[in-house]
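> For the record, the sequence lines run as chains A and B.
Number 144 in my numbering belongs to position 144 of the first sequence; there are no gaps in the numbering.
Number 31 in my numbering belongs to position 31 of the second sequence; there are no gaps in the numbering.
Just passing along the structure, written as structure tokens.
There are 2 protein chains.
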Amino acid sequence: MFTSRPIGFVSSPYKDTSEIPKGLGVKHEAEGVLTILPEFETGLTDIEGFSHLFVLWEFDRSQGFELLGSPPFDNRPHGVFATRSPRRPNPIGLTVVELLRREGIELHVRGVDMLDGTSILDIKPYMSSIPSESLRRGWLAEVEAGKNQGTVLP
Amino acid sequence: MFTSRPIGFVSSPYKDTSEIPKGLGVKHEAEGVLTILPEFETGLTDIEGFSHLFVLWEFDRSQGFELLGSPPFDNRPHGVFATRSPRRPNPIGLTVVELLRREGIELHVRGVDMLDGTSILDIKPYMSSIPSESLRRGWLAEVEAGKNQGTVLP
Numbered sequence: 001m002f003t004s005r006p007i008g009f010v011s012s013p014y015k016d017t018s019e020i021p022k023g024l025g026v027k028h029e030a031e032g033v034l035t036i037l038p039e040f041e042t043g044l045t046d047i048e049g050f051s052h053l054f055v056l057w058e059f060d061r062s063q064g065f066e067l068l069g070s071p072p073f074d075n076r077p078h079g080v081f082a083t084r085s086p087r088r089p090n091p092i093g094l095t096v097v098e099l100l101r102r103e104g105i106e107l108h109v110r111g112v113d114m115l116d117g118t119s120i121l122d123i124k125p126y127m128s129s130i131p132s133e134s135l136r137r138g139w140l141a142e143v144e145a146g147k148n149q150g151t152v153l154p
Numbered sequence: 001m002f003t004s005r006p007i008g009f010v011s012s013p014y015k016d017t018s019e020i021p022k023g024l025g026v027k028h029e030a031e032g033v034l035t036i037l038p039e040f041e042t043g044l045t046d047i048e049g050f051s052h053l054f055v056l057w058e059f060d061r062s063q064g065f066e067l068l069g070s071p072p073f074d075n076r077p078h079g080v081f082a083t084r085s086p087r088r089p090n091p092i093g094l095t096v097v098e099l100l101r102r103e104g105i106e107l108h109v110r111g112v113d114m115l116d117g118t119s120i121l122d123i124k125p126y127m128s129s130i131p132s133e134s135l136r137r138g139w140l141a142e143v144e145a146g147k148n149q150g151t152v153l154p
């Protein structure tokens with residue numbers, strides 16, 4: 001196993017988790033900057049060619065993990081591996097962002113949902129998508145369809 | 001920062017990296033099993049509802065990192081953050097798999113590209129796709145289009 005190390009940090013408009021939009025159909029349009037440590041700048045070579053990136057980052061303000069939890073917009077509990085809960089056995093977050101431009105060690109992106117100052121663990125190119133017509137989205141689709149209407153939080 | 005811990009292990013047909021299909025347009029159709037440690041089984045609750053999963057795993061047979069490297073099907077070097085190279089500052093792999101069925105602590109999946117015995121770090125539901133018409137794929141698209149034809153390895 002390994003000990004994580006930051007390759008950079010997120011600049012985000014969100015200083016507190018309460019500020020991050022949550023809920024059904026929420027679109028993360030917030031812009032932010034991924035600032036990579038100068039020692040890793042060479043690793044960004046050719047990244048400008050990709051429109052979208054996977055960002056792996058650390059839930060560094062989350063403690064411990066919870067195997068069952070309720071997301072903010074559904075009061076039914078779901079397994080941690082069926083949600084994006086921050087309280088995970090390995091506290092790794094995953095966000096897809098749109099790369100707007102690169103300025104040296106700065107990647108200007110759209111779609112951040114991390115807190116300001118979050119440690120970045122890795123960046124990977126987003127190379128292909130599963131066609132949306134092939135996706136089934138379990139409990140999330142049920143909540144969206146209102147099957148759980150009596151218990152949806154506003 | 002944190003020290004990684006396995007939540008389970010991959011059973012895959014691939015015992016050696018040379019057996020993993022690589023190259024342009026390669027489709028990962030291999031079936032495998034993600035076996036989750038019994039202590040984390042509750043975390044799988046409701047996962048059956050999702051057709052596709054993100055699997056985060058550890059490049060546990062890779063040593064160190066390389067900021068510039070050439071993928072097997074392009075001899076031009078690219079930055080590690082613009083490739084899926086195993087030699088990364090944090091040795092974390094990411095694969096999207098199709099969930100075929102769950103049997104207790106076993107997730108039977110299609111699309112494995114990990115080595116047999118690989119440590120799993122996390123599983124997350126795949127909730128939405130970037131429409132393929134919105135994607136730009138940089139050097140990868142160039143190689144596909146044959147712009148680098150003189151140097152493409154067969």
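Where is the CB? At the ideal position from N, CA and C, for every residue including glycine.
Residue 80/B: which of 118/A, 50/A, 124/A sits nearest, CA to CA?
Against the second sequence, residue 80/B aligns to sequence position 80. Comparing Cα positions, the closest option is 124/A.
> Say whether chain A places a C-beta atom closer than 7 Å to the C-beta of residue 20/B.
Indexing the second sequence from 1 puts residue 20/B at position 20. Residue 20/B does not count as touching chain A.
> Based on the DSSP output, what are the partners of residue 53/B in its beta bridges?
The count along the second sequence starts at 1 and reaches residue 53/B at position 53. 97/B, 125/B, per the DSSP bridge assignment.
> Taking the straight line between their C-alpha atoms, what separation do you get for residue 34/A and residue 101/B?
As a position in the first sequence, residue 34/A is number 34, starting the count at 1. As a position in the second sequence, residue 101/B is number 101, starting the count at 1. One C-alpha to the other measures close to 37 Å.
> Say whether chain A places a C-beta atom closer than 7 Å to the C-beta of residue 125/B.
By 1-based counting over the second sequence, the position of residue 125/B is 125. With 7 Å as the cut-off, residue 125/B counts as an interface residue toward chain A.
> Let's test the definition: count the other Cβ atoms within 10 Å of the Cβ of residue 56/B and tell me whether it reaches 16, buried, or not, exposed.
The count along the second sequence starts at 1 and reaches residue 56/B at position 56. Classification for residue 56/B: buried.
> Three Cβ pairs or more, each shorter than 8 Å: is that satisfied between the stretch 12-28 of chain B and the stretch 105-114 of chain B?
Yes, they touch.
> Going along chain B, which residues have a C-beta under 8 Å from residue 58/A?
Position 58 of the first sequence, counted from the start, is the residue given in the question as residue 58/A. Ordered by position in chain B, the residues that pass the 8 Å Cβ test against residue 58/A are 1, 2.
> With 16 as the cutoff for other CB atoms within 10 Å, does residue 75/B come out buried or exposed?
Looking up residue 75/B in the second sequence gives position 75. The residue is exposed, with fewer than 16 neighbouring Cβ atoms inside 10 Å.
> Only counting the same chain, and skipping five residues up and downstream in sequence, which positions put a Cβ closer than 7 Å to that of residue 154/A?
Here residue 154/A refers to the residue found at position 154 of the first sequence. For residue 154/A, the predicted structure reports a pLDDT of 38, less than 50, and the residue's modelled location is therefore unreliable. The matter cannot be settled from this model.
> Taking the straight line between their C-alpha atoms, what separation do you get for residue 46/B and residue 136/A?
Taking the second sequence and counting its residues from 1, the one referred to as residue 46/B is at position 46. Taking the first sequence and counting its residues from 1, the one referred to as residue 136/A is at position 136. Looking at the two C-alpha atoms, the distance is approximately 12 Å.
> Kindly identify the DSSP beta-bridge partner or partners of residue 92/B.
Stepping through the second sequence from its first residue, residue 92/B is reached at position 92. Answer is 58/B, bridged to residue 92/B.
> With 7 Å set as the bound, which would you pick, yes or no: does the beta-carbon of residue 91/B sit closer than that to a beta-carbon of chain A?
Reading the second sequence from its first residue, position 91 is the one you call residue 91/B. Closer than 7 Å: yes.
> Going by DSSP, name the residue or residues bridged to residue 78/A.
Position 78 of the first sequence, counted from the start, is the residue given in the question as residue 78/A. Its beta-bridge partners are 69/A.
> Taking only three categories from DSSP, how would you classify residue 152/B?
Here the question's residue 152/B lines up with position 152 in the second sequence. The pLDDT assigned to residue 152/B is 40, lower than 50, so where the model puts this residue is not dependable; a value taken from the coordinates is nonetheless given after this. Looking at residue 152/B - three-state DSSP - the assignment turns out to be coil, as it is neither helix nor strand.
> Which residues mark the beginning and the end of the beta strand (DSSP E) in which residue 31/A is found?
Your numbering for residue 31/A matches position 31 in the first sequence. It spans 31-36 - the beta strand (DSSP E) in which residue 31/A sits, taken as one unbroken run.
> Of all the CB atoms in chain B, is at least one closer than 7 Å to the CB of residue 105/A?
Position 105 of the first sequence, counted from the start, is the residue given in the question as residue 105/A. Chain B contact via Cβ: absent.
> Using the C-alpha atoms, what's the distance from residue 120/B back to residue 58/A?
Within the first sequence, the letter at position 58 stands for residue 58/A. Within the second sequence, the letter at position 120 stands for residue 120/B. Cα to Cα, the separation comes out at about 16 Å.
> Could you say which of 104/B, 103/B, 24/B, 64/B lies nearest to residue 86/B if we only look at CA atoms?
Residue 86/B sits at position 86 when you count from the first residue of the second sequence. Cα-wise, what sits closest to residue 86/B is 64/B.
> What does DSSP give as the partner residue(s) for residue 9/A in the beta ladder?
As a working note, residue 9/A is residue 9 in the first sequence. 35/A, 119/A.
> In the DSSP assignment, what residue or residues form a beta bridge with residue 107/B?
Along the second sequence, one-based indexing puts residue 107/B at 107. Residue 107/B is bridged to 34/B, 102/B.
> Return the chain-ordered list of same chain residues with a C-beta closer than 8 Å to the C-beta of residue 77/A, the five sequence neighbours on each side being excluded.
Sequence index remark: in the first sequence, residue 77/A carries index 77 (1-based). So the qualifying residues of the chain are 68, 69, 70.
> Distance check for residue 108/A and residue 99/A, CA to CA, integer angstroms please.
Taking the first sequence and counting its residues from 1, the one referred to as residue 99/A is at position 99. Taking the first sequence and counting its residues from 1, the one referred to as residue 108/A is at position 108. The straight-line gap from Cα to Cα measures roughly 6 Å.
> Using a Cβ-Cβ distance under 7 Å, would residue 136/A count as near chain B?
In the first sequence, counting from the first residue as 1, residue 136/A sits at position 136. True, the Cβ-Cβ gap to chain B drops below 7 Å.
> Examine chain B for any beta-carbon lying closer than 7 Å to the beta-carbon of residue 153/A, and answer yes or no.
As a working mapping, residue 153/A is identified with position 153 in the first sequence. Below a pLDDT of 50, predicted positions are generally treated as unreliable, and residue 153/A, at 41, falls in that range; the measurement from the model is reported next regardless. Judged by the 7 Å Cβ criterion, residue 153/A is not in contact with chain B.
> Where does residue 3/A fall in DSSP's three states?
In the first sequence, residue 3/A corresponds to position 3, counting from 1. Three-state DSSP puts residue 3/A in a strand.
> Assuming residue 26/B is part of the alpha helix (DSSP H), what are its boundary residues?
The count along the second sequence starts at 1 and reaches residue 26/B at position 26. Element bounds for residue 26/B: n/a, residue is neither H nor E.
> For residue 86/A, which residues in chain B fall below 8 Å Cβ to Cβ?
Along the first sequence, one-based indexing puts residue 86/A at 86. The premise fails here: residue 86/A is roughly 12 Å from chain B at the closest Cβ pair, so nothing lies under 8 Å.
> Mind pulling the chain B residues with CB within less than 8 Å of residue 131/A?
As a working mapping, residue 131/A is identified with position 131 in the first sequence. By Cβ distance, chain B contributes 129, 132.
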